[in-house]
Amino acid sequence: MSQTLTNAIESQFRDKFRGSEGLAERAQQIFPNGVTHDGRFLKPFPPYIKSAKGSRKTDVDGNELVDFWMGHGSLILGHSYPAMVEAVQKQAALGTHFGACHELELKWGEWVQKLIPSAERLRFTNSGTEATLMALRVARIVSGKSKVIKFAGHFHGWHDLLAPAAEPPHDTGVYSTPGVTSGTDGDLVIVPPNDLEATSKAIDEHQPACVIVEGTGGRWGVVPMRGEFLRGLRELTAKKNVILIFDEVITGFRVHPGGAQGEFGIVPDMTTLAKILAGGLPGGCLAGRADLLEAIAFDNPHGKKMKHPGTYNANPLSAAAGCAVLEAVATGEPSRLANERARDLRRAFNDVFEKKDLNWVSYGDFSSVKIIPEYNGPRPESDDFIPYDNDFKKLDRSYDTKLLHAFRAASMIGGVDFFGWGAMVSACHTPEDIAVAAAAVSQAIDLLRADGFLT
Ligand SMILES: Cc1ncc(COP(=O)(O)O)c(C=O)c1O
450 MSQTLTNAIE SQFRDKFRGS EGLAERAQQI FPNGVTHDGR FLKPFPPYIK SAKGSRKTDV
510 DGNELVDFWM GHGSLILGHS YPAMVEAVQK QAALGTHFGA CHELELKWGE WVQKLIPSAE
570 RLRFTNSGTE ATLMALRVAR IVSGKSKVIK FAGHFHGWHD LLAPAAEPPH DTGVYSTPGV
630 TSGTDGDLVI VPPNDLEATS KAIDEHQPAC VIVEGTGGRW GVVPMRGEFL RGLRELTAKK
690 NVILIFDEVI TGFRVHPGGA QGEFGIVPDM TTLAKILAGG LPGGCLAGRA DLLEAIAFDN
750 PHGKKMKHPG TYNANPLSAA AGCAVLEAVA TGEPSRLANE RARDLRRAFN DVFEKKDLNW
810 VSYGDFSSVK IIPEYNGPRP ESDDFIPYDN DFKKLDRSYD TKLLHAFRAA SMIGGVDFFG
870 WGAMVSACHT PEDIAVAAAA VSQAIDLLRA DGFLT
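For the sequence shown, the residue numbers in my numbering are 450 to 904.
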């Protein structure tokens, strides 16, 4: 990208988010990069949020932002959903950790069984990362095999076993994750997404313990995966007797009350869940076939037990929040509304890009909205549109990080916090939020042009 010409974005951002700047300076002395999650790193500094309600969050200066992070996808009903707040407050007064079994964990588990087709049995964890780690251990115990097949670009959390290949570049086919040993790396087999033939060959060659897949494609659909491929994958893994794991940490309770498996009518062998599962509080779970989950039980038929401690497993606060939210999710209305609003947002973005004569494009499935900031291809003609005919090497690319920081900062000046190059839409986003988002993008493009980031 060309050099900054005017610095309009930086000066307007500093002016608007004045109160956050001092906090960000303090943070530099506490946290690497001053942040507690890589995704929160923003130049010149991130805004500090004080409260949130529905689709909006408010920062320390009183600026309101339409939020498209939505708790990293955990808040399909928006911030501070009243029934969730009430349930958590009530539970906090009764006790936050009994170090014992409690009835609410049963109710929470029964909601999962009711909604998720593959959930014959389950175990709660503290996060999605723990859930996918547990899935692999169980698959290895049951199958007696060690290799794992994953798809390029799919994100399953940050533990050593699955961290590699979650991001581009994919063109070299060589992935290395600093800090992960070559032995661990060597157990991972990476195949291109949406390629059944390559998956079949990889299964024959490597005889893996399992195949793990994100329900609608890597990183909530950068390279969309649709029903036809997923059904083919189910058939293939069943035929070759390989355990199929759906990672529905994002898609679970979102794209449909039953997740991607509910939407596409597929029953995987195991499923990992988190985010909406715990209603916006920390929590995850591994669910699946009773005979597989037996590997976690004492004296099980597999002859080996997967150890499963975890101080906060099924903690009462997450259970209370999860039950309150899953009860609403079960109606199907939150998924329907979020999907509809996301479609409106994609259309609004594409209208702006066309009006501004800019080579950006928006696409996505269900409640996910993606933006490609350098696009050379046909414009969308339907809501089904996938750029570049779903060629994953063209779709899953990295873009200029300076442009990303400038775009996010410029959008915040217009009152919107986008989730990187995209948005996670919830059931509480309104048509007005969509209009604010479209106006913010339009204004951001003007600022990016003024600052020399775009022509
Ligand atoms: C598909 C998927 N799997 C696993 C994870 C990891 O979950 P957590 O952040 O709760 O560890 C994520 C997080 O975004 C995810 O999107």
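For glycine and all other residues, C-beta sits at the position ideal for the given N, C-alpha and C.
Beta-carbon to beta-carbon, L742 and C734 are separated by about 10 Å, too far to satisfy the 8 Å threshold. Taking the Cβ atoms as the reference, D634 lies roughly 6 Å from P613, within the contact range of under 8 Å. For G737, the uninterrupted beta strand (DSSP E) run begins and ends at G733 to G737, by DSSP.
A residue is called buried once 16 or more other Cβ atoms fall within 10 Å of its Cβ, and V623, having fewer, is exposed.
DSSP, read as helix, strand or coil, puts E513 in strand. Rounded to the nearest whole angstrom, the CA to CA distance from D900 to Y848 is 18 Å. Between ligand 1 and the CB of G733, the shortest heavy atom gap is smaller than 7 Å.
With a cut-off of 7 Å, the C-beta of D696 is classified as near ligand 1, since at least one heavy atom of the ligand falls inside that distance. Residue pairing for T507: DSSP places it in a beta bridge opposite S500 and E513. Annotation for E663: the continuous beta strand (DSSP E) segment containing it runs C659 to E663. Selection A791, L610, F834 and L766 evaluated against K556 yields L766 as nearest (Cα-Cα). Only buried fits A887, as 16 or more other CB atoms lie within 10 angstroms of its CB. Within the DSSP bridge table, the entry for F695 names V662 and T720 as partners. The beta carbon of I458 sits no closer than 7 Å to any heavy atom of ligand 1. Assigned with DSSP and collapsed to three states, R489 falls in helix. Contact between V672 and N643 holds: CB atoms are separated by about 7 Å, below the 8 Å threshold.
Here the stretch 651-666 makes contact with the stretch 689-708; the two share three or more CB pairs at distances below 8 Å. About 7 Å separates the Cβ atoms of I565 and L722, confirming a contact at the 8 Å cut-off. Every unbroken stretch of the beta strand (DSSP E) spanning 3 or more residues and falling wholly within the stretch 766-833 is given here in chain order: 810-812 and 817-821. Beta-bridge pairing by DSSP links L637 to V597.
In this structure, the beta-carbon distance from S816 to A773 does not fall below 8 Å. Taking C-beta atoms under 8 Å as the contact rule, I652 and A601 fail to qualify, at a distance of about 16 Å. Counting the other Cβ atoms within 10 Å of the Cβ of A739 gives fewer than 16, which makes it exposed.
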